[in-house]
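> Dropping the structure in here first, questions after.
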């Protein structure tokens, strides 16, 4: 698979739609917002929408489609959420049924798609601000854990907040906070800095998802709310059908990163 | 009616609940967030929640209750939305039926309450930052208009954005922008500065709601999204039942103003 050079998200989505790109999307369309995808039947959409409203740190909603419409008109007019992500996961009653590169065969007139901001946006802002991110430098997935921080429930959806951890050089921790705080629609400021046990993480050397990354002398562990939270919560509720992006295979919007910045 | 001295919102809500305060809430509980109220049957709640998600500038949601629960647990635990506002308006099929000081008689198990941030929060921030607000100094209501700016529709809810206008001394306009931009949950930065005709306002001397306020030499008209928008949109859809606060008679939350600041 050849590397796609930076160009407009529309062109990249077109490549993906034609099956020419099925790999993770990290690094594609630099400067444009990428998003987590959760698709649910309309019957579950109200509770999930409310869950996101009540838990904006882990669930920053940037788009909700009309029932049955695959077009995220607010963030990528003309795109088709059934074909424009490189890989999807289909769950029935909370169990993984298939991993596929398009979901036209699963589509129904009552499906509602939720797009949620993701950490790529704030990671780029951190790098631009001179805050190094070692998991990226080392080519690893970020480390993630369930925490003792409870989300506020909504109807059938409930569960703990999932966080990602990045080791940050201690002198740069304040900058890491202010830079990411500008992006509440991409998880925003950290939810915790320091002692992992304070948020229920027993062993910071063994993540529940992603790759381990040791915390070096002079670094502090910094924890951000993570987009795995809404996925975990959606699956835990075991609705008849849930479709999500496959990890790392995000939807690329037309929004420039700065469109999510609050100041 | 005697003036209630500044104290905790809980105590003020208690006075209101006991019928001792039926006047507007401006100036009560300084430093605490006040909110617009819209109550709808569950059948209309999804579309309205989605409308707010799609139009966060005019509709900054700070709380949505569980169906049938009158307690806004996220922003004022223990409060009762049926009694804790000084005055309500009850609409049937889009027509005003009653203006009352409590709504226990109208309560149903399927009602959902939406609380939306209001301009009091950013007006306080403007005053604290040294930006004068002449409508307050002159004891007037802020001037409001429907605009040519369309809200993004959601289900049965659609309509134009309503804005409020404040004349700001030209040298202070940038400060007025940055100060209010910190409060996206209280309408945030202005949506327009300058020529009223550019957003469809024909006569800036004749507001559709509130009191006229001339723009003096050296002042620029600055327009912010207004909480009248969701009320107008809700009524325009003519649902069987809508209950709102009466203008100026807001719900006082336990949230300090700084809880809504993004940075």
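Chains as they are written, first to last, in this note's numbering: chain V, 6 to 268; chain C, 6 to 268. Each residue gets a CB set at the ideal place from its N, CA and C atoms; glycine is no exception.
Suppose you measure from the CA of residue 212 of chain C to the CA of residue 165 of chain C; what does that come to, to the nearest Å?
For residue 212 of chain C and residue 165 of chain C, the distance between alpha carbons rounds to 15 Å.
> If you draw a straight line from the C-alpha of residue 6 of chain C to the C-alpha of residue 26 of chain C, how long is it?
Because the pLDDT at residue 6 of chain C is just 49, under 50, the model does not fix this residue reliably, and the point stays unresolved.
> Under 8 Å, Cβ to Cβ, is there at least one residue of chain V near residue 79 of chain C?
Chain V, which has a Cβ nearer than 8 Å to the Cβ of residue 79 of chain C, makes this yes.
> Name the DSSP beta bridge partners of residue 111 of chain V, please?
Partner(s): none; residue 111 of chain V has no beta bridge.
> Compile a chain-ordered list of the residues in the segment 29-58 of chain C whose CB is closer than 7 Å to at least one CB of chain V.
Residues 50, 51, 54, 55 and 58.
> So residue 130 of chain V and residue 185 of chain V are supposed to be a Cβ contact under 8 Å. How far apart are they, rounded?
Yes, residue 130 of chain V and residue 185 of chain V are in contact; Cβ-Cβ is about 7 Å, under 8 Å.
> Of all Cβ atoms in chain C, is any one closer than 8 Å to the Cβ of residue 186 of chain V?
Output row for residue 186 of chain V: interface = yes.
> Could you tell me the distance, in whole angstroms, from the CA atom of residue 95 of chain V to the CA atom of residue 43 of chain V?
Whole-angstrom Cα-Cα distance: 10 Å.
> Look at residue 190 of chain V and residue 65 of chain V and say whether their C-beta atoms are less than 8 Å apart.
Cβ atoms of residue 190 of chain V and residue 65 of chain V: closer than 8 Å.
> In the segment 52-79 of chain V, which residue ranges form an unbroken beta strand (DSSP E) of at least 3 residues, counting only runs that do not cross its ends?
Segments of the beta strand (DSSP E) lying fully in the segment 52-79 of chain V: 66-69.
> Below 8 Å, can you find three or more Cβ-Cβ pairs linking the segment 250-259 of chain C to the segment 170-179 of chain C?
The segment 250-259 of chain C vs the segment 170-179 of chain C: no contact.
> At least one CB of chain V closer than 8 Å to the CB of residue 6 of chain C: is that the case?
Any reading at residue 6 of chain C needs caution, since the residue's pLDDT is 49, under 50, leaving its predicted position unreliable; the model's value is listed next. No, residue 6 of chain C lies away from the interface with chain V (no Cβ there is under 8 Å from its Cβ).
> With a cut-off of 8 Å, does the C-beta of residue 268 of chain V fall near any C-beta of chain C?
So, interface residue.
> Using 8 Å as the limit for Cβ to Cβ distance, is residue 165 of chain V near chain C?
No, its Cβ sits nowhere closer than 8 Å to a Cβ of chain C.
> Counting along the chain, where does the alpha helix (DSSP H) carrying residue 155 of chain V start and finish?
Note, residue 155 of chain V: premise wrong, no alpha helix (DSSP H); beta strand (DSSP E) at 148-155.
> By the three-class DSSP mapping on this structure, what secondary structure does residue 90 of chain V have?
Three-state result, residue 90 of chain V: coil.
> Tell me, please, whether the CB atom of residue 66 of chain V is closer than 8 Å to any CB atom in chain C?
By this cut-off, residue 66 of chain V is an interface position.
> Would you say the segment 86-101 of chain C touches the segment 236-246 of chain C, given that touching needs at least three Cβ pairs under 8 Å?
Yes, they touch.
> Tell me which residues share the same chain as residue 207 of chain V and place their Cβ nearer than 7 Å to its Cβ, disregarding the 5 neighbours each side in the sequence.
Excluding residues within five positions, none has a Cβ falling inside 7 Å.
> How is residue 212 of chain V classed by DSSP in three states: helix, strand or coil?
Three-state result, residue 212 of chain V: coil.
> Check this for me: beta carbons of residue 77 of chain V and residue 70 of chain V, under 8 Å apart or not?
Contact: yes.
> Could I get the ranges of all uninterrupted alpha helix (DSSP H) runs contained in the segment 172-257 of chain V, with 4 residues as the minimum, in chain order?
Runs found: 178-186 and 233-241.
> CA-CA distance, residue 126 of chain V and residue 188 of chain V?
Using only the alpha carbons, I get a separation of about 8 Å.
> Tell whether a beta-carbon distance below 8 Å holds between residue 192 of chain V and residue 238 of chain V.
Against a cut-off of 8 Å, the Cβ pair of residue 238 of chain V and residue 192 of chain V comes out as no contact.
> Are the segment 107-123 of chain V and the segment 214-223 of chain V touching by the rule of at least three beta carbon pairs closer than 8 Å?
Contact between the segment 107-123 of chain V and the segment 214-223 of chain V is absent, because fewer than three Cβ pairs lie under 8 Å.
> Look at the alpha carbon of residue 105 of chain C and the alpha carbon of residue 111 of chain V, and state the distance between them as a whole number of angstroms.
Approximately 50 Å, taken between the alpha carbons.
> How is residue 129 of chain C classed by DSSP in three states: helix, strand or coil?
In the structure shown, residue 129 of chain C sits in a helix (DSSP, three-state: H, G or I).
> Whole angstroms is fine: what's the gap from residue 205 of chain V's alpha carbon to residue 56 of chain C's?
When rounded, the distance between both Cα atoms is 36 Å.
> Examine chain C for any beta-carbon lying closer than 8 Å to the beta-carbon of residue 63 of chain V, and answer yes or no.
No, residue 63 of chain V lies away from the interface with chain C (no Cβ there is under 8 Å from its Cβ).
> Just curious, the beta strand (DSSP E) that residue 1 of chain V is in, first and last residue?
The requested residue 1 of chain V is not part of the displayed model; chain V covers only 6 to 268.
> Taking the DSSP output, what are the residues bridged to residue 118 of chain V?
DSSP output for residue 118 of chain V lists V/44 as bridge partner(s).
> Using a Cβ-Cβ cutoff of less than 6 Å, which residues in the same chain neighbour residue 79 of chain C once the five nearest sequence positions on both sides are dropped?
For residue 79 of chain C, where only same-chain residues beyond five positions count, the Cβ hits under 6 Å are 68.
> When the Cα of residue 218 of chain V is compared with those of V/250, V/230, V/124 and V/144, which residue comes out closest?
Of the listed residues, the one whose Cα sits closest to residue 218 of chain V is V/144.
> Is the CB of residue 113 of chain V under 8 Å away from at least one CB in chain C?
No, residue 113 of chain V does not count as interfacial toward chain C.
> With the cut-off set at 8 Å, would you say residue 102 of chain V and residue 88 of chain V are in Cβ contact?
In this structure, residue 88 of chain V does not lie closer than 8 Å to residue 102 of chain V by Cβ.
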